[in-house]
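In this note's numbering, the protein residues as written are 123 to 260.
To start, the structure under review is shown below, and the notes come after it.
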């Protein structure tokens with residue numbers, strides 16, 4: 123089998139327990155699940171970050187099953203509209219999953235608040251400040 127290879131050197135980045143990047147075919151594709159996005163039914167209060175715990179557990183179980191069946195590592199993208207909500211989501215997820223966490227928001231301040239909270243919690247080594255979104259123009 124002939125697998126595509128990039129001509130230039132490829133970097134590998136380790137986020138938490140998951141490695142990303144490198145030449146195609148060297149490692150499994152990572153799955154990324156999105157949580158707490160606008161109109162996500164598990165979000166009860168988008169300002170404070172209150173969620174329906176049963177729906178969250180069900181979603182995490184489905185992602186875990188998909189990762190196990192496909193033998194692919196996974197990460198979680200946490201979407202928040204406020205710094206308070208981002209902090210709440212990080213606190214919820216820090217103990218529920220050891221997956222890499224990607225902080226997403228249309229607001230730079232919310233992402234920064236999340237990065238700061240992750241550092242305070244001691245989980246910054248598995249958190250990514252996710253900056254590319256529909257609001258980026260440059």
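Quick reminder that beta carbons are idealized off the backbone N, C-alpha and C, glycines included.
(request) Would you check if the stretch 208-228 and the stretch 170-182 touch, i.e. whether three or more CB-CB distances between them fall below 8 Å? (result) yes
(message) Does residue 180 come out as helix, strand or coil in the three-state DSSP assignment?
(response) Residue state, collapsed to three classes: helix.
(message) On the criterion of 16 or more Cβ atoms from any shown chain inside 10 Å, does residue 158 qualify as buried, or is it exposed?
(response) buried
(request) Specify whether the stretch 163-175 and the stretch 202-209 touch according to this definition: at least 3 beta carbon pairs, one from each stretch, less than 8 Å apart. (result) yes
(request) Using a threshold of 8 Å, state whether the C-beta atoms of residue 133 and residue 143 are closer than that. (result) yes
(request) Determine the contact status of residue 200 and residue 226, defining contact as a CB-CB distance below 8 Å. (result) yes
(request) May I have the straight-line CA-CA distance separating residue 242 from residue 130, to the nearest angstrom? (result) 37 Å
(message) Considering only their Cβ atoms, is the gap separating residue 223 from residue 212 smaller than 8 Å?
(response) yes
(request) For residue 195, count neighbouring Cβ atoms within 10 angstroms of its own Cβ and tell me buried if that reaches 16, exposed if not. (result) So residue 195 ends up on the buried side.
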